[in-house]
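If you're matching them up, the sequences are chains A and B in order. Quick note: the first sequence uses my numbering, first residue 1, plus one each step. Quick note: the second sequence uses my numbering, first residue 344, plus one each step. Even for Gly, the Cβ is constructed at its ideal location relative to N, Cα and C. Everything numeric in this text was worked out from a predicted model, so none of it was measured. Everything below concerns the one structure shown next.
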Amino acid sequence: MTELQPVEILVIKGGWLTTVQDLGRFGHQHDGVSVSGVMDSFATIVANRLVGNPDQAAVLELTLKGPELQFEQDAVIAITGADLAPTLDGRRLPMWERMLILRGSRLRFGVPQAGARTYLSIAGGIEVPPVLGSRSTHWASDTGGLQGKPLKPGDILHGGKPGPLINQHVGTGLPIPLRPRYERTVSLRIIPGPQDDFFAKHSIKALTETTYTVSPQSDRMGYRLAGPKIIRKDSEQFISDGTAMGALQVPPDGQPILLMADRQTTGGYPKIAVVISADLLLAAQLAPGDHIRFVLCTVAQAQRLVRMQRAQLDAELSPCDGQSQQMVPLSHHESISILRVSK
Amino acid sequence: MPPTNPPTRAHRASNATFRILPLGDAALTIEFGNEINSEINSRVVAFATTVFDQHWQGIHDIVPTYRSVTVHFDPLQWDSATLTKRLKILPRQEPGQAEPQGIFHEIPVLYGGKWGQDLEEVATFAGLQPAEAIALHASVPYRVYMLGFSPGFPYLGLVPEQLAMPRRATPRTKVPAGSVGIADRQTGIYPTTTPGGWQIIGRTPISMYRKTRTNPFLLKPGDRVRFKPIVRDVFDQLSRETET
């Protein structure tokens, strides 16, 4: 049987914005420390579970233009999220599946097919020193990841010790019905508040009756949206308060900003509504030029939806905490996609 | 505080000591008022500490701000209705009740020159000589109202009215770590080199964010700060000590 060793990956090209991320740096927002972490936690959790990692293992987040990576050891990986047309030594790789990559192979990416952000997990996780309990890169404060920066040519990534692969009764991939479909126009459900009363009477209604466009001034911190202006009711002063992923804050120009992973912990603009957790996986995959329709939702509905989404995933792909799972040695697992590439 | 504020939401909600607002499906914001004053902030800090002390599973972050506390939770473990009930029955500091004193810090600052490029402009705004502006900024104790913007960035107040110059029209792309700035009635210290729009009047050699420590942040909400003007030699000496 194959005994996997911790992997070493050489970065040939960094791609447009490739960073080491985990589920986020929680517990320090009161010190002004941004949560950062992956934009799409659903795709990340799937990528980690496929390779036997705990959900919070560090992965690579790729943005629109992927990197070029050389594997110096055999590695078990999975690629989820946006389909950036990955190839291994010229051969197209599948999405949302577990794969064995042989040492010496080179992973490249092509033209984005759908979505904007891709997640690459490696059995054992990506080993960088945790900062304040997380490996996530927050570039604005040079925190976490590889010295707080995106990948660049010459960087070397180290994998952790791979855990035992876990037998999933469905095999090695996420069943197709559970794979999100990324569209250029998405509906995002929102919960009004906390400051919806700062805006003119029918603002929430207006917000849900039109389409907003993701502008080019969008990044991991937030998306500036272009569309009908949201009007403040009066000039009542707003004092900075806590922010959240998915919050729609409205600066004086009336064009909302959808706050994402690298948001600041507090913000000086009122927030008219917040996108529900279950829809953040769609928000995370938007690129400039994409369109959003907002649909009203209640807190209770939203909390039911996020639990349902997780229960569906757990039923197909259970968390890999190393407990009460049937361990199967890698070479005995019939359905693993072994990609033997002749040199 | 001026006696005749325009009606605010805080006034409308004056019967309750706080109100709980949804911030999506994974956070609640508990609002104690809508103004910047030490009495409201003191209740905020006390409440954040109380919530923290519960050590509830599935609560990620408790973020005190000037006048509210945001509680971030895992929606797989909590629902807003249950958390709201639990928060409502927690003990809280009543308006007017004395608060525990935070830690007092004396922060040395080299004012003006290349360390405080906007000192002259701030002095002109205040109708003072630069030396008088320095003396005024260093004359009052400040409260740490909250941390935000970047890791360890303290929002301090209240700056004397005369010095309360608004932010720069165009933010600088790079404000050096240690820079002391003014924005309206707030003063703050940049812990790391970041973009920033505050009026920079000086720099401290003391580090706000000591990355390698277990407890890396020097200041906490509720702490007090007084600035102490220092000369170049002392700044250089303290900078060397901070590095080692």
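Pick from the options that is closest to residue i, judged by C-alpha positions
{"i": "A/Leu10", "options": "A/Arg103, A/Met95, A/Gln147", "result": "A/Arg103"}
{"i": "B/Ala469", "options": "B/Arg528, B/Leu419, B/Ala520", "result": "B/Arg528"}
{"i": "B/Gly367", "options": "A/Val274, A/Gln285, A/Cys320", "result": "A/Val274"}
{"i": "A/Met95", "options": "A/Tyr223, A/Ala47, A/Asp142", "result": "A/Ala47"}
{"i": "B/Ser522", "options": "B/Glu442, B/Gly540, B/Ser381", "result": "B/Gly540"}
{"i": "B/Glu442", "options": "B/Trp421, B/Lys571, B/Asp566", "result": "B/Asp566"}
{"i": "A/Ala58", "options": "A/Ala78, A/Met99, A/Gln73", "result": "A/Ala78"}
{"i": "A/Thr118", "options": "A/Gly133, A/Leu84, A/Ile126, A/Ser105", "result": "A/Leu84"}
{"i": "B/Ser385", "options": "B/His403, B/Pro407, B/Phe395", "result": "B/Pro407"}
{"i": "B/Gly455", "options": "B/Ala474, B/Lys563, B/Tyr488", "result": "B/Ala474"}
{"i": "B/Gln444", "options": "B/Glu586, B/Val568, B/Leu581", "result": "B/Val568"}
{"i": "A/Pro6", "options": "A/Leu88, A/Leu174, A/Gln309, A/Phe71", "result": "A/Phe71"}
{"i": "A/Glu68", "options": "A/Leu17, A/Ala82, A/His30, A/Gly81", "result": "A/Leu17"}
{"i": "B/Pro497", "options": "A/Gly32, A/Gly148, A/Leu146, A/Pro150", "result": "A/Gly32"}
Any chain B beta carbon closer than 7 Å to residue i
{"i": "A/His30", "result": "yes"}
{"i": "A/Ile231", "result": "no"}
{"i": "A/Ser41", "result": "no"}
{"i": "A/Pro194", "result": "yes"}
{"i": "A/Gln217", "result": "no"}
{"i": "A/Gln168", "result": "Here the model assigns A/Gln168 a pLDDT of 44, short of 50, so the residue's position is not dependable, and the following value carries that caveat. By this cut-off, A/Gln168 is not an interface position."}
{"i": "A/Gly246", "result": "yes"}
{"i": "A/Ala302", "result": "yes"}
{"i": "A/Gly37", "result": "no"}
{"i": "A/Cys203", "result": "Sequence inspection shows Ser at residue 203 of chain A; the Cys mentioned does not correspond to that position. No, its Cβ sits nowhere closer than 7 Å to a Cβ of chain B."}
{"i": "A/Ser235", "result": "no"}
Endpoints, the beta strand (DSSP E) within which residue i is located
{"i": "A/Ser215", "result": "211-218"}
{"i": "B/Leu506", "result": "Where B/Leu506 is concerned, there is no enclosing beta strand (DSSP E), given that its DSSP letter is neither H nor E."}
{"i": "B/Ala441", "result": "Counting along the chain, B/Ala441 falls outside any beta strand (DSSP E), and DSSP gives it neither H nor E."}
{"i": "A/Val274", "result": "271-275"}
{"i": "B/Val487", "result": "485-490"}
{"i": "A/Gln70", "result": "68-71"}
{"i": "A/Val20", "result": "19-21"}
{"i": "B/Gly500", "result": "497-500"}
{"i": "A/Ala247", "result": "247-249"}
{"i": "A/His30", "result": "Unbroken run through A/His30: none, as it is neither H nor E."}
{"i": "A/His158", "result": "156-158"}
For residue i, the three-state DSSP class (helix, strand or coil)
{"i": "A/Val170", "result": "Because A/Val170 carries a pLDDT of 35, less than 50, the predicted location of this residue cannot be relied on, and no value is offered for it."}
{"i": "A/Gln5", "result": "coil"}
{"i": "A/Ser105", "result": "coil"}
{"i": "A/Leu281", "result": "helix"}
{"i": "A/Met221", "result": "coil"}
{"i": "B/Lys431", "result": "helix"}
{"i": "B/Glu464", "result": "helix"}
{"i": "B/Ala526", "result": "strand"}
{"i": "A/Arg310", "result": "helix"}
{"i": "B/Glu374", "result": "strand"}
{"i": "B/Gln542", "result": "strand"}
{"i": "A/Ile191", "result": "strand"}
{"i": "A/Leu132", "result": "coil"}
{"i": "B/Thr513", "result": "coil"}
Beta-bridge partners of residue i, as assigned by DSSP
{"i": "B/Arg309", "result": "With chain B covering 344 to 587 only, the question about residue 309 of chain B has no answer from this structure."}
{"i": "A/Tyr119", "result": "A/Glu61, A/Thr80"}
{"i": "A/Thr298", "result": "None; A/Thr298 has no bridge partner."}
{"i": "A/Thr185", "result": "A/His291"}
{"i": "B/Asp566", "result": "Bridge partners of B/Asp566: none, in fact."}
{"i": "B/Pro451", "result": "B/Lys571"}
{"i": "A/Leu305", "result": "Paired residue(s): none; A/Leu305 is not in a bridge."}
{"i": "B/Tyr552", "result": "B/Phe560"}
Span of the alpha helix (DSSP H) around residue i
{"i": "B/His415", "result": "Looking at the DSSP string, B/His415 is not in any alpha helix (DSSP H); the run it does join, the beta strand (DSSP E), is 411-416."}
{"i": "B/His635", "result": "Absent from the structure is residue 635 of chain B, since the part of chain B shown begins at 344 and ends at 587."}
{"i": "B/Arg583", "result": "575-586"}
{"i": "B/His480", "result": "473-480"}
{"i": "A/Thr44", "result": "41-50"}
Proximity test, Cβ basis, 7 Å: residue i and chain C
{"i": "A/Thr211", "result": "No chain C appears in the structure shown, which is made up of the protein chains A and B."}
Chain A contact for residue i (CB, 7 Å cutoff)
{"i": "B/Phe447", "result": "no"}
{"i": "B/Val568", "result": "no"}
{"i": "B/Val502", "result": "no"}
{"i": "B/Tyr488", "result": "no"}
{"i": "B/Pro443", "result": "no"}
{"i": "B/Arg362", "result": "no"}
{"i": "B/Gly521", "result": "no"}
{"i": "B/Arg553", "result": "no"}
{"i": "B/Arg410", "result": "yes"}
{"i": "B/Ala526", "result": "no"}
{"i": "B/Thr427", "result": "no"}
Residue i beta carbon near the ligand NAP (any heavy atom closer than 6 Å)
{"i": "B/Ala391", "result": "Annotation note on the ligand NAP: not contained in the displayed structure, which lists no ligands."}
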